[in-house]
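Read in full-length UniProt numbering, the sequence shown has 34 at position 34, and its numbers run on one by one without any break. Cβ coordinates follow ideal geometry from the N, Cα and C atoms, glycine included. Just below is one structure, and these are the notes that go with it.
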Amino acid sequence: MNTERIEVLLNRAIGLHVDSIGHQALVRAVRRRMDVVGLDDPREYTRILYRSPGELDALVEEVVVPETWFFRDGAPFRALAEYAVRKWRPAHPAGRLRCLSVPCSSGEEPYSMVMALLDAGLPDEAVHVDAVDVSSRALEKARRGEYTAHSFRGRDLGFRARYFRPDGRRYVIDGRVRACVRFHRANLLDPDFYQQFGVYDVVFCRNLLIYLDEAAQEQAMATLRRLVSDQGLLFVGHAETARFPEAGFRPAPYPRAFAFQIGTAPRPPAARPKRPPLRRPVAPPAGRNRA
1 MNTERIEVLL
11 NRAIGLHVDS
21 IGHQALVRAV
31 RRRMDVVGLD
41 DPREYTRILY
51 RSPGELDALV
61 EEVVVPETWF
71 FRDGAPFRAL
81 AEYAVRKWRP
91 AHPAGRLRCL
101 SVPCSSGEEP
111 YSMVMALLDA
121 GLPDEAVHVD
131 AVDVSSRALE
141 KARRGEYTAH
151 SFRGRDLGFR
161 ARYFRPDGRR
171 YVIDGRVRAC
181 VRFHRANLLD
191 PDFYQQFGVY
201 DVVFCRNLLI
211 YLDEAAQEQA
221 MATLRRLVSD
231 QGLLFVGHAE
241 TARFPEAGFR
251 PAPYPRAFAF
261 QIGTAPRPPA
271 ARPKRPPLRR
281 PVAPPAGRNR
291 A
């Protein structure tokens, strides 16, 4: 199947570099959508994609398949708790820690952030997490806060007893944790993302850039640099760390957490998009290979 025009469309819409998911994965996603809409001709389906933002949204949902679980790669969450207790809280004894999870996938990461902070002793009213994703399907699951055993891995599952109640084969997140998170459908590549969300003390943006082309990576890093406060932390994926020093970040002293802080260079102006957004909101692939 020739997917060249579809690849162009997905790149314009979400910055996707098709090599990051593989051509055959894209073909399978396209065929699933063709079956749903009752088409056999890929060319006709491509024409529909260019005419129908709704169908493009549906294809994005097929391409963006989350793989995540609670407290994945535990070091970032331990670093978050340490930063909050030792650095942020003494300077803001009555403040509210503003955190961002982008992309948040089906909610495991932002809920893990809240649980780590509550376990560290922060009061509920001092914790706020904005959780952002492109996928309506993932956000719907995140808002429900219901998870199967697949979302709980590793040896230390004590948090499950503290913050979940069993319901048949599912586990339901405690309302105390849920109340600290606000979910949003939005796009990190939108030129007004920073204006919409503002500055954060902590940003988790892990294993996103690896799915983007070069132009989208640069745009995302410029936006991230504006989102992180001067004394704040940015957590990224281990495969992405090499790009951030050249983008104005310096490593933060948290071993194996892949955390960065704003460097000494001046904060950049708002990034001009490398490509015009196809529509709003839509965001880069969410939740693959992260917590």
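Q.
For Met221, count the other beta carbons within 10 Å of its own beta carbon; 16 or more makes it buried, fewer makes it exposed. Which is it?
A. Against the sequence shown, residue 221 aligns to sequence position 221. By the neighbour-count rule (16 or more Cβ atoms within 10 Å), Met221 is buried.
Q | Cβ-based neighbour list, Tyr254, same chain, cut-off 6 Å, excluding 5 preceding and 5 following | A | In the sequence shown, residue 254 corresponds to position 254, counting from 1. Counting only Cβ-Cβ distances below 6 Å, and skipping sequence neighbours, we find Ala79.
Q | Other residues of its chain near Ser20: CB distance less than 7 Å, five sequence neighbours each side excluded | A | Translated into the one-based positions of the sequence shown, residue 20 becomes position 20. Ile210 and Tyr211, listed in sequence order.
Q: Closer than 8 Å by C-beta to His23: which residues in its own chain qualify, once you throw out the five before and the five after it? Chain order, please.
A: Numbered from 1 along the sequence shown, position 23 holds the residue referred to as residue 23. Closer than 8 Å at Cβ, skipping near neighbours: Thr3.
Q | Which residues DSSP lists as bridging Ser101, in chain order | A | Against the sequence shown, residue 101 aligns to sequence position 101. Partner(s): Ala131 and Phe204.
Q) Cα-Cα, which of Arg47, Arg226, Pro110 and Val64 is closest to Phe71? A) Numbered from 1 along the sequence shown, position 71 holds the residue referred to as residue 71. Restricting attention to Arg47, Arg226, Pro110 and Val64, the CA atom closest to the CA of Phe71 is found in Pro110.
Q: Could you pull the start and end residues of the alpha helix (DSSP H) that Leu80 belongs to?
A: Working through the sequence shown from its first residue, we reach residue 80 at position 80. From DSSP, the alpha helix (DSSP H) with Leu80 extends over Ala75 to Glu82.
(Q) For the alpha helix (DSSP H) containing Ile14, name the first residue and the last one. (A) Counting from 1 along the sequence shown, the entry for residue 14 is found at position 14. First-last of the alpha helix (DSSP H) with Ile14: Glu4 to Ile14.
Q) Does DSSP put Gly158 in a helix, a strand or coil? A) On the sequence shown, position 158 is the one that residue 158 refers to. It is helical.
Q. Does the segment 176-192 come close enough to the segment 110-125 to have 3 or more Cβ pairs within less than 8 Å?
A. yes
Q | Sequence ranges, alpha helix (DSSP H) only - wholly within the segment 176-234, length at least 4 | A | For the segment 176-234, the full-length alpha helix (DSSP H) segments reaching 4 residues or more read 193-197 and 214-227 along the chain.
Q. Which one of Asp130, Val199, Gly15 and Arg86 has the shortest CA to CA distance from Val64?
A. Mapped onto the sequence shown, residue 64 falls at position 64. The shortest C-alpha separation from Val64 is found at Gly15.
**Q.** CB of Asp190 within 8 Å of CB of His17, strictly
**A.** For the purposes of this step, residue 190 is taken as residue 190 along the sequence shown, with counting starting at 1. For the purposes of this step, residue 17 is taken as residue 17 along the sequence shown, with counting starting at 1. Cβ atoms of Asp190 and His17: not closer than 8 Å.
Q: Assess, as a yes-or-no matter, whether the segment 81-96 is touched by the segment 29-47 under the definition of 3 or more beta carbon pairs within less than 8 Å.
A: As far as the Cβ criterion goes, the segment 29-47 does not touch the segment 81-96, which means the pair count is below three.
Q) Between Val202 and Leu227, is the Cβ-Cβ spacing less than 8 Å? A) If you number the sequence shown from 1, residue 202 lands on position 202. If you number the sequence shown from 1, residue 227 lands on position 227. No, the Cβ-Cβ distance between Val202 and Leu227 is not below 8 Å.
Q: Could you tell me whether the Cβ atoms of Leu59 and Val30 are closer together than 8 Å?
A: What you label residue 59 is simply residue 59 of the sequence shown in a count that begins at 1. What you label residue 30 is simply residue 30 of the sequence shown in a count that begins at 1. In this structure, Val30 lies closer than 8 Å to Leu59 by Cβ.
Q. If you follow the alpha helix (DSSP H) that Asp35 is part of, which residue opens it and which one closes it?
A. Here residue 35 refers to the residue found at position 35 of the sequence shown. From DSSP, the alpha helix (DSSP H) with Asp35 extends over His23 to Val37.
Q. When DSSP labels each residue in this structure, what does Pro166 get in the three-state scheme?
A. Taking the first residue of the sequence shown as 1, we reach residue 166 at position 166. In the structure shown, Pro166 sits in a strand (DSSP, three-state: E or B).
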